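Trainee: So for the sequence shown, numbering that gives the first Met the number 0 puts the first residue at 0; every next one is plus one. Note that CB positions come from ideal geometry on N, CA and C, so glycine has one too. All of these numbers come straight from a predicted model, not from anything done at the bench.
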Amino acid sequence: MADDIILSTQGLGKDFKGFTAVGEVELKVRRGSIHALIGPNGAGKTTCFNLLTKFLQPSRGSIVYNGRDITAMKPADVARLGLVRSFQISAVFGHMTVLENVRIALQRRLRGDGFDFWRSETVLRELNDEAMGLIEAVGLTGLADAVAVELPYGRKRALEIATTLALEPEMLLLDEPMAGMAHEDVDRTSALIRRVSANRTVLMVEHNLSVVASLSDRITVLARGNVLAEGDYAAVSKDPRVVEAYIGAGHA
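1) Which term fits Val-97, buried or exposed, when burial requires 16 or more other beta carbons within 10 angstroms of its beta carbon?
2) Can you give the beta carbon distance from Ala-42 to Leu-221, rounded, assuming they're within the 8 angstroms contact cut?
3) Look at Leu-105 and Glu-135 and say whether their C-beta atoms are less than 9 angstroms apart.
4) Where do the N-terminal and C-terminal ends of the alpha helix (DSSP H) with Ile-160 fall, by residue?
5) Helix or strand or just coil, what does DSSP make of Phe-114?
6) Measure the C-alpha to C-alpha separation of Trp-117 and Gly-230 and round it to an integer number of angstroms.
7) Cβ atoms of Tyr-232 and Val-255: under 9 angstroms apart, would you say?
8) Drop a sphere of 10 angstroms on the beta-carbon of Lys-53, count the other beta-carbons inside from all chains shown, and report buried for 16 or more, exposed for fewer.
9) Work out the CA separation of Ser-61 and Ile-4 for me, nearest whole Å.
10) So, are the CB atoms of Val-28 and Leu-6 less than 9 angstroms apart?
11) Hey, how far is the Cα of His-250 from the Cα of Glu-125?
12) In this structure, does DSSP put Met-177 in helix, strand or coil?
13) How big is the Cα-Cα spacing for Met-180 and Ser-215?
14) Would you report the Cα separation of Phe-18 and Leu-11, rounded to the nearest angstrom?
15) Going by C-alpha to C-alpha distance, which of Gly-38, Pro-74 and Ala-20 sits closest to Leu-227?
16) Do you know how far the Cα of Arg-67 is from the Cα of Ala-178?
17) My output table needs one value for Ile-69: the three-state DSSP class, helix, strand or coil.
18) Unbroken alpha helix (DSSP H) runs of length 4 or more, entirely within the region 163 to 236: which are they?
19) Measure the CB-CB distance between Val-83 and Met-203 and report whether it falls below 9 angstroms.
20) DSSP three-state call for Arg-124: helix, strand or coil?
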């Protein structure tokens, strides 16, 4: 049913000065699922992700979110619709505390990009209470007063997810959430993604195939800018075209 699809593309493509980075991608993300976008290096994953989150404008094709054509929209406008991206490189204010980072994200949701620092104590207290709830939700209990720059890498990514959740996304887009993480942080972040997906849709670009296997309901494999295969992990991992694409790109 169409209502089951929260995000879809038709013929989505991007060219850079004669080079086709993304051909004509057809993508359907089912509401409430964890959907992974994978592929060997140079497959066009990042470009496709940037198109979906509107940080790049497509050369052709269309993007529909919740039944609305968002092809020509700007990233901030798309985010206000509930389609929110968490960046590959941790995007937090390093000199601020965990609590302050989350509170700023809450202020942005409530007041747009403008900040009103002349607030009543009641409003600030409400923001603190909501911020503490988000901090606890991402496993940072006890670290509210920690300065963000001093957090271990995996905890910074958890903070980034908390600031993203503050915007109340209906669909969360994660760009390589496990990049650069130690094994224990990968396990912790995987558990976090599973928790936050309980009442929202998640689309992620991820290189760690064991994470993809354990988390994803559906996987789209890109190669040379086009969809090579789609299905659950059991199906795509046995697809000869997928195996060949990864081996040919130097992956084990």
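Mentor: For this structure:
1) buried
2) 4 angstroms
3) Using a Cβ distance threshold of 9 angstroms, Leu-105 and Glu-135 do not count as a contacting pair.
4) Start and end: 152 to 164.
5) Note that Phe-114 has pLDDT 49, beneath the 50 cutoff, so the model's placement of it is unreliable and the number below is only indicative. For Phe-114, the three-state secondary structure derived from DSSP is coil.
6) Because Trp-117 carries a pLDDT of 48, less than 50, the predicted location of this residue cannot be relied on, and the following value inherits that uncertainty. Distance between the alpha carbons of Trp-117 and Gly-230 is about 52 angstroms.
7) No statement about residue 255 is possible, as the shown extent of the chain runs from 0 to 251 and does not include it.
8) buried
9) 15 angstroms
10) Their beta carbons are under 9 angstroms apart, which means Val-28 touches Leu-6 by this criterion.
11) Bear in mind that a pLDDT of 49 at His-250, under 50, signals an unreliable position, so the model cannot answer this.
12) coil
13) 19 angstroms
14) The C-alpha of Phe-18 lies about 15 angstroms from the C-alpha of Leu-11.
15) For the set Gly-38, Pro-74 and Ala-20, the Cα lying nearest the Cα of Leu-227 is the one of Gly-38.
16) 32 angstroms
17) It is coil, neither helix nor strand.
18) Whole alpha helix (DSSP H) segments, 4+ residues: 182 to 195, 208 to 214 and 232 to 236.
19) no
20) helix
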